[in-house]
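Asks: The sequence shown: position 103 = 1487 (my numbering), numbered continuously.
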Amino acid sequence: MRRLIALSTALAFAVLAAERERDITLAQLPPEITATADQAVPGARWLRAEQETEHGGIRYELKGQAQDHRVEVEIAPDGKLIQTEIELPFKQTPQAVRDKLKLGWPGFDPEETKAVTRVGGPKGYEFEGAYGQGRRIEVFISEDAGIVDVEDEKD
């Protein structure tokens, strides 16, 4: 029984260690990360940074402001851009995307709307917020309204 408890505890710590985030200062960022972020969102004022470890890989996430919009970039350790997100008003998304969202999730009123560019993937829009009783969802719809991806989390 002790062996089982010890094994379970070790497994739990391994899972926690496998996925974690830690705040770092902008000065701690490697220069290639900062250069990629500045190139991805020209004129952005970066406010904070995180180093994330997921599935054994490291990535950097920078958050800031550009032209009165919150922006976020994810960058690989080698300086390659992974994704950009720029917050925007819901009404600035294409009508076809809004129609797809309303059809698939009637009554959903997103708290956040972002334009998302995934390198090597489709450009589109991400909508986050409460939906139904005790549920939070994140819906990605490609700019042509053809691709939909949903993450559903219980509150």
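The beta carbon of each residue, even a glycine, is placed where N, CA and C say it ideally should be.
Remember, it's a predicted structure, so these values are computed and weren't measured experimentally.
For R1429 and G1448, what's the separation of their Cα atoms in angstroms?
Replies: Roughly 5 Å separates the two Cα atoms.
Asks: Pick out whichever of Q1451, T1420, R1406, L1446 has its Cα sitting closest to the Cα of E1436.
Replies: Here the closest residue by C-alpha is R1406.
Asks: With E1498 as the anchor, note down where its alpha helix (DSSP H) starts and where it stops.
Replies: Before going further, note that residue 1498 is Lys rather than Glu in the sequence given. Counting along the chain, K1498 falls outside any alpha helix (DSSP H), though it belongs to the beta strand (DSSP E) covering 1496-1502.
Asks: Within 10 angstroms of its Cβ, does V1399 collect 16 or more other Cβ (buried), or is it exposed?
Replies: Reliability fails at V1399, whose pLDDT of 49 lies under 50, so the model's placement of it is uncertain and the value that follows must be treated cautiously. Looking at its Cβ environment, which holds fewer than 16 other Cβ atoms inside 10 Å, V1399 is exposed.
Asks: Taking buried to mean at least 16 other C-beta atoms within 10 Å of its own C-beta, is A1402 buried or exposed?
Replies: Caution is warranted here: a pLDDT of 49 is assigned to A1402, below 50, making its placement in the model unreliable, and the coordinate value is therefore given only provisionally. Exposed, by the Cβ-count rule.
Asks: Cβ atoms of T1420 and L1472: under 7 Å apart, would you say?
Replies: Taking 7 Å as the Cβ cut-off, L1472 and T1420 do not qualify as a contacting pair.
Asks: Counting only runs of 4+ residues fully inside the region 1455-1487, write out the alpha helix (DSSP H) ranges in chain order.
Replies: Taking only runs of at least 4 residues, no alpha helix (DSSP H) segment lies wholly in the region 1455-1487.
Asks: Starting from T1437, follow the alpha helix (DSSP H) in both directions and report where the run begins and ends.
Replies: Taken as a continuous stretch (DSSP letters only), T1437 belongs to no alpha helix (DSSP H), being part of the beta strand (DSSP E) at 1429-1438.
Asks: Apart from the five residues on each side of it in sequence, which residues of its chain come closer than 6 Å, Cβ to Cβ, to V1523?
Replies: Contacts found: F1511, V1534.
Asks: Does the distance from the C-beta atom of G1325 to that of I1525 stay below 7 Å?
Replies: Any answer about residue 1325 is impossible in this case: the structure gives the chain only from 1385 up to 1539.
Asks: How is L1446 classed by DSSP in three states: helix, strand or coil?
Replies: Looking at L1446 - three-state DSSP - the assignment turns out to be strand.
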